[in-house]
Amino acid sequence: MRLIAGVALAALTAAPAAAAEQTYPVGRFSEISASSPAEVQVRTGAPASARAVGDAAALSRLDVHVEGDKLVIRTRRGMRWPGRARATVYVTVPALRAASVAGSGDVRVDRVAGPDFAGSVAGSGNLAVAELRTRTATLASAGSGNINAAGVVDQLQASAAGSGNIDARRVRARSARVSAVGSGNVEAQASQQAEVVSVGSGNAIVSGTTNCRVRARGSGEARCG
310 MRLIAGVALA
320 ALTAAPAAAA
330 EQTYPVGRFS
340 EISASSPAEV
350 QVRTGAPASA
360 RAVGDAAALS
370 RLDVHVEGDK
380 LVIRTRRGMR
390 WPGRARATVY
400 VTVPALRAAS
410 VAGSGDVRVD
420 RVAGPDFAGS
430 VAGSGNLAVA
440 ELRTRTATLA
450 SAGSGNINAA
460 GVVDQLQASA
470 AGSGNIDARR
480 VRARSARVSA
490 VGSGNVEAQA
500 SQQAEVVSVG
510 SGNAIVSGTT
520 NCRVRARGSG
530 EARCG
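Residue numbering for the sequence shown follows the working numbering, starting at 310 and increasing by one per position.
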């Protein structure tokens, strides 16, 4: 009897959390703000949509809605994320202009096309953009999360003010302005001109051109060429 009870208890303990799925009614939006532990995967397409898959306990605490032109993904007010519960939010958007990460969940974007894009990280979550096709791109990290991007832009601005790194070496930019004012590193490339600034312990490095203005005031390295 004890053996049977022990086996039953072990099976109950090992049982996975109940899986669930939730679809959210969303209107038009072109920005995303993510501040929950949920992972967010963004696909360019139409129509706009948002769907979450994961542990039922996590989805019951997940708030996904549109405010103005922004899709907000966050933990419900007054609630805490349940331990190690996991959830993934799948987002489809016709054109994305901005994405911000303020939680511990990662945000992955397949493609951005348009005049401008702004990506920022202020938490421990990471932001990755597989393909940028814009006139200007602004990347900013103020937390411990990292930003990774690839693509083609005319003007790139990348600034790391926290401990997170910005890797824009696969972004082919004509001009770049990069700065490291924290302990995080910033790496980019530019074909025509660049401005490189390091005022913290992080490194700011731009490859591809020697037409640069370089300024270093901290212990980090500022380098171009």
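Using N, Cα and C, we set each Cβ at its ideal position, and we do this for glycine too.
- request: Check whether the segment 423-436 touches the segment 360-370, taking contact to mean three or more Cβ pairs, one atom from each stretch, closer than 8 angstroms.
  value: No, because fewer than three Cβ pairs between the segment 423-436 and the segment 360-370 fall closer than 8 angstroms, the two stretches do not touch.
- request: With a floor of 4 residues, list each alpha helix (DSSP H) that falls wholly inside the segment 364-410, ordered by position along the chain.
  value: Within the segment 364-410, the complete alpha helix (DSSP H) segments at least 4 residues long are 365-368, listed from N- to C-terminus.
task: Compute the distance between the beta-carbons of A361 and A396, then report whether it is under 8 angstroms.
output: Stepping through the sequence shown from its first residue, residue 361 is reached at position 52. Stepping through the sequence shown from its first residue, residue 396 is reached at position 87. For the pair A361 and A396, the CB atoms are nearer than the 8 angstroms cut-off.
message: What I want to know is whether the C-beta of G434 ends up closer than 7 angstroms to one or more non-hydrogen atoms of the ligand HEM.
response: With respect to the ligand HEM, the structure shown offers nothing to examine, as it has no ligands at all.
- request: Label P334 either buried or exposed according to how many other C-beta atoms from any shown protein chain fall within 10 Å of its C-beta, with 16 as the threshold for buried.
  value: In the sequence shown, residue 334 corresponds to position 25, counting from 1. Exposed, by the Cβ-count rule.
query: What number of angstroms, rounded off, separates the C-alpha of L371 from the C-alpha of R383?
result: As a position in the sequence shown, residue 371 is number 62, starting the count at 1. As a position in the sequence shown, residue 383 is number 74, starting the count at 1. Going by the C-alpha atoms only, they are around 6 angstroms apart.
message: Need the endpoints of the beta strand (DSSP E) that R522 sits in, please.
response: Along the sequence shown, read from residue 1 onward, the residue named residue 522 stands at position 213. From DSSP, the beta strand (DSSP E) with R522 extends over 521-525.
query: Cα separation between V523 and Q502?
result: Translated into the one-based positions of the sequence shown, residue 523 becomes position 214. Translated into the one-based positions of the sequence shown, residue 502 becomes position 193. Linking V523 to Q502 through their CA atoms gives a straight-line distance of about 11 angstroms.
task: For P346, count neighbouring Cβ atoms within 10 angstroms of its own Cβ and tell me buried if that reaches 16, exposed if not.
output: By 1-based counting over the sequence shown, the position of residue 346 is 37. Under the 10 Å beta carbon count, P346 is surrounded by 16 or more other beta carbons and is classified as buried.
query: Going by beta carbon distance, what residues of the same chain come within less than 8 angstroms of S500, once the five residues before and after it are set aside?
result: As a working note, residue 500 is residue 191 in the sequence shown. The residues are R481, A482, R483, G517, T518.
field: 6 angstroms CB neighbourhood of D463 in its chain, flanking five on each side removed
entry: By one-based count along the sequence shown, residue 463 stands at place 154. If we look at D463 and ignore the five residues flanking it on each side, its Cβ neighbours are R444, R483.
field: Where the beta strand (DSSP E) through P424 begins and ends
entry: What you label residue 424 is simply residue 115 of the sequence shown in a count that begins at 1. Per DSSP, the unbroken beta strand (DSSP E) holding P424 starts and ends at 421-430.
task: Would you mind stating whether A407 and L380 have Cβ atoms separated by less than 8 angstroms?
output: Taking the sequence shown and counting its residues from 1, the one referred to as residue 407 is at position 98. Taking the sequence shown and counting its residues from 1, the one referred to as residue 380 is at position 71. For A407 and L380, no; Cβs fall outside 8 angstroms.
field: Rounded separation between E504 and S344 - CA only
entry: In the sequence shown, the residue the question calls residue 504 occupies position 195. In the sequence shown, the residue the question calls residue 344 occupies position 35. The alpha-carbon atoms of E504 and S344 are separated by roughly 32 angstroms.
- request: Report, in whole angstroms, the separation of the C-beta atoms of I341 and L405, which I expect to be a contact under 8 angstroms.
  value: Start at 1 with the first residue of the sequence shown, and residue 341 comes out as number 32. Start at 1 with the first residue of the sequence shown, and residue 405 comes out as number 96. So it is a contact: roughly 7 angstroms between Cβ atoms.
- request: Determine the contact status of S450 and G493, defining contact as a CB-CB distance below 8 angstroms.
  value: Along the sequence shown, read from residue 1 onward, the residue named residue 450 stands at position 141. Along the sequence shown, read from residue 1 onward, the residue named residue 493 stands at position 184. Their beta carbons are under 8 angstroms apart, which means S450 touches G493 by this criterion.
task: Could you tell me the distance, in whole angstroms, from the CA atom of S528 to the CA atom of A459?
output: Here the question's residue 528 lines up with position 219 in the sequence shown. Here the question's residue 459 lines up with position 150 in the sequence shown. C-alpha separation (whole angstroms): 28 angstroms.
Burial state of S369 (16 or more Cβ within 10 Å): Start at 1 with the first residue of the sequence shown, and residue 369 comes out as number 60. Here S369 is exposed: its Cβ has fewer than 16 other Cβ atoms, across all protein chains shown, within 10 Å.
- request: Could you check if A320 is buried or exposed, using at least 16 other CB atoms within 10 Å of its CB as the buried criterion?
  value: Looking up residue 320 in the sequence shown gives position 11. Low per-residue confidence applies at A320: pLDDT is 43, beneath 50, and the placement is therefore not dependable enough to give any value.
task: Would you list the one or two residues that DSSP bridges to R442?
output: Stepping through the sequence shown from its first residue, residue 442 is reached at position 133. For R442, which the question treats as bridged, DSSP gives the partners A422, V461.
field: Same chain, Cβ closer than 7 angstroms to V515, five either side skipped, listed in chain order
entry: By one-based count along the sequence shown, residue 515 stands at place 206. Closer than 7 angstroms at Cβ, skipping near neighbours: A485, V487, A497, Q498, A499, A503, V505, C521, C533.
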